[in-house]
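In my numbering, the protein residues as written are 35 to 279.
Glycine is no exception: its CB is placed at the ideal position from the N, C-alpha and C atoms.
No experiment lies behind these values; they were computed from the predicted model shown.
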């Protein structure tokens, strides 16, 4: 079983190397590593090129944002399973991809996901996103798994589509609702930390982005016909409160 890992980056000179090392140090051998760069001009490309032997596919060109870049990576992926490792992230251990592969093989599922921790520039963990087994009730209440921990069969993208750019920062949430809620794919939650993320996500940088993110979330809820989107849109951000240490 081949796993394709996609890293999307843009001007990430301070973090890209740790992400690359995190991928190439995994003990799972059948890995295809794809790096999609948005046309960096800060030294990021030079760092990536130092690891040319370990990077299966490298593209550097302007894009329409992170989800457009991810879609490019998916188009080039030849793995049975596709996952992401953003340029600010690293795997929590060297056995994450082995764990992912084992859970796909043993449970006959379409998706595997785990837990995520956020850390600051001093290395201190400041937030724990502990997930749980998916249910339709949870999805109705605005729940979603930590997107950076999500691994999907490539067949799921072929069958149900990639990330939709018209949902902006909620493109990940819309995809999850589409495949988890609308099409009811088979999922598996693994109660382990998969990803360590450096704080500073795109959708959480300022008030305007926060408002826009909520608007896009609501648009996704309406699109996939959640029964009470006005309740879900209130509950979804409140779930983050309990994740902070």
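Residue 264 is classed as exposed because its beta carbon has fewer than 16 other beta carbons within 10 Å across all chains shown. In this structure, the straight-line span from the alpha carbon of residue 216 to that of residue 177 is close to 14 Å. For residue 160, the number of other beta carbons within 10 angstroms of its own is below 16, and it is reported as exposed.
In summary, residue 227 is buried, with 16 or more beta-carbon neighbours lying within 10 Å of its beta-carbon over all protein chains present. DSSP links residue 153 through a beta bridge to 159, 232. Judged by beta-carbon spacing, residue 225 lies within the 8 Å limit of residue 149, meaning their Cβ atoms are closer than that value. Going by C-alpha positions, residue 82 is about 22 Å away from residue 155. For residue 52, the uninterrupted alpha helix (DSSP H) segment begins and ends at 50 to 58.
Secondary structure at residue 114: coil, using DSSP grouped into helix, strand and coil.
Listed as beta-bridge partners of residue 37 by DSSP are 65, 115. Taking C-beta separations shorter than 6 Å and ignoring five residues to either side along the sequence, the partners of residue 91 in its chain run 68, 110, following chain order. Under the three-state reduction of DSSP output, residue 173 falls in the helix class.
For residue 185, no alpha helix (DSSP H) run applies; the uninterrupted beta strand (DSSP E) run containing it begins and ends at 185 to 187, by DSSP. The distance from the Cβ of residue 53 to that of residue 113 is about 18 Å, inconsistent with a contact at the 8 Å cut-off.
The beta carbon of residue 85 sits closer than 6 Å to the beta carbons of 54 from its chain, once the five residues preceding and following it are set aside; these are given in chain order. Going by DSSP, residue 265 is part of the alpha helix (DSSP H) stretching over 263 to 272.
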